[in-house]
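In UniProt numbering, the protein residues as written are 1 to 257.
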């Protein structure tokens, strides 16, 4: 009976750890977990190792912990925006460190781009957007990237629903022009907003795929067009963005071919 009790006790302690992580708005470090559960550091570390080996928690490069892929896949009611934001955050920071430009994470919500996270550029002149706000798909790199898995028919339905507001002289304002741009976007693996949403802004975006290969989000990098040139994007930034969005997709269970 004693051994059964010890097994249940370990299980309860593991649940305590999972609950602390799931109730936090950001990844949790070992010290916080130890203080929150009242357990010895060695006990928490041992249980975390077991949970990580089964993919119930994920250890980030900075030593913090968040819920792992297995819990995300098991749950039928996961708040996708919250979990994806936590998962993608270290990758957004990495892109920000590399490019020194503003990095956005967005999802498709009611046929619009919804900004769910952002890491700002350190430059005095930079591009920003308020988290929780929306934008149109036809004039943003996030929007185009989010539509990379959509059929032409589905894209046309979205354009018909939302319209194609003319933001600048560079905005694509006809379905034919947009579909042609989407064809090029799919071929190169990334989307461009070449001053189409804001005249001063240029952006590049790439999709994030879930374990089924479905586009569920996108990441973009934005900067003033005078600094964030097409040459810079094509020669230096595009490859880095595709690699890192691929790493996020792999973290969600996508098996690269």
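Positions of the beta carbon are idealized from the N, C-alpha and C atoms, including for glycine.
For clarity, every value in this text was computed on a predicted model and none was experimentally measured.
Rounded to a whole number of angstroms, what is the C-alpha to C-alpha distance between residue i and residue j?
{"i": "residue 94", "j": "residue 36", "result": "29 Å"}
{"i": "residue 3", "j": "residue 13", "result": "Only weak support is given to the placement of residue 3: the predicted model assigns it a pLDDT of 41, under 50, and the question is left unresolved by the model."}
{"i": "residue 76", "j": "residue 70", "result": "Any answer about residue 76 is weak, because its pLDDT of 39 lies below 50 and its placement is not dependable; what the coordinates show is given next. Using only the alpha carbons, I get a separation of about 12 Å."}
{"i": "residue 9", "j": "residue 58", "result": "22 Å"}
{"i": "residue 98", "j": "residue 52", "result": "29 Å"}
{"i": "residue 141", "j": "residue 11", "result": "46 Å"}
{"i": "residue 33", "j": "residue 165", "result": "49 Å"}
{"i": "residue 78", "j": "residue 186", "result": "Any reading at residue 78 must be qualified, since the residue scores a pLDDT of 43, below 50, and its modelled position is unreliable; no value is offered."}
{"i": "residue 151", "j": "residue 188", "result": "17 Å"}
{"i": "residue 118", "j": "residue 88", "result": "10 Å"}
{"i": "residue 236", "j": "residue 226", "result": "16 Å"}
{"i": "residue 40", "j": "residue 50", "result": "16 Å"}
{"i": "residue 96", "j": "residue 195", "result": "20 Å"}
{"i": "residue 243", "j": "residue 63", "result": "22 Å"}
Going by CA-CA distance only, name the one from the options that's closest to residue i.
{"i": "residue 144", "options": "110, 121 and 204", "result": "204"}
{"i": "residue 61", "options": "98, 172, 135 and 29", "result": "29"}
{"i": "residue 250", "options": "212, 189 and 183", "result": "212"}
{"i": "residue 146", "options": "194, 182 and 170", "result": "182"}
{"i": "residue 197", "options": "233, 231 and 170", "result": "170"}
{"i": "residue 148", "options": "234, 184 and 55", "result": "184"}
{"i": "residue 56", "options": "25, 234, 19 and 42", "result": "19"}
Would you say residue i and residue j are within 8 Å of each other, going by their C-beta atoms?
{"i": "residue 252", "j": "residue 199", "result": "no"}
{"i": "residue 91", "j": "residue 221", "result": "no"}
{"i": "residue 241", "j": "residue 219", "result": "yes"}
{"i": "residue 162", "j": "residue 123", "result": "no"}
{"i": "residue 155", "j": "residue 179", "result": "yes"}
{"i": "residue 172", "j": "residue 139", "result": "yes"}
{"i": "residue 127", "j": "residue 217", "result": "no"}
{"i": "residue 67", "j": "residue 17", "result": "no"}
{"i": "residue 207", "j": "residue 168", "result": "no"}
{"i": "residue 262", "j": "residue 190", "result": "No answer is possible for residue 262: it lies beyond the span of the chain, which begins at 1 and ends at 257."}
{"i": "residue 134", "j": "residue 108", "result": "no"}
{"i": "residue 65", "j": "residue 131", "result": "no"}
Can you tell me which of the three DSSP states residue i falls into?
{"i": "residue 61", "result": "coil"}
{"i": "residue 116", "result": "strand"}
{"i": "residue 258", "result": "In the structure displayed, the chain extends from 1 to 257; residue 258 sits before or after that span and is not available."}
{"i": "residue 99", "result": "helix"}
{"i": "residue 211", "result": "coil"}
{"i": "residue 105", "result": "strand"}
{"i": "residue 192", "result": "strand"}
{"i": "residue 143", "result": "helix"}
{"i": "residue 168", "result": "coil"}
{"i": "residue 125", "result": "coil"}
{"i": "residue 44", "result": "helix"}
{"i": "residue 29", "result": "coil"}
{"i": "residue 185", "result": "helix"}
{"i": "residue 221", "result": "strand"}
Leaving out the 5 sequence neighbours to the left and right, which residues in its chain are closer than 8 Å to residue i when beta-carbon positions are compared?
{"i": "residue 111", "result": "137, 158, 161 and 162"}
{"i": "residue 229", "result": "202"}
{"i": "residue 176", "result": "none"}
Leaving out five residues on either side along the sequence, give the residues of the same chain with a beta carbon under 7 Å from the beta carbon of residue i.
{"i": "residue 44", "result": "17, 30, 33, 34 and 37"}
{"i": "residue 120", "result": "102, 126 and 128"}
Quick one: residues in its chain with C-beta nearer than 6 Å to the C-beta of residue i, no 5 flanking neighbours on either side, listed in chain order?
{"i": "residue 254", "result": "209 and 211"}
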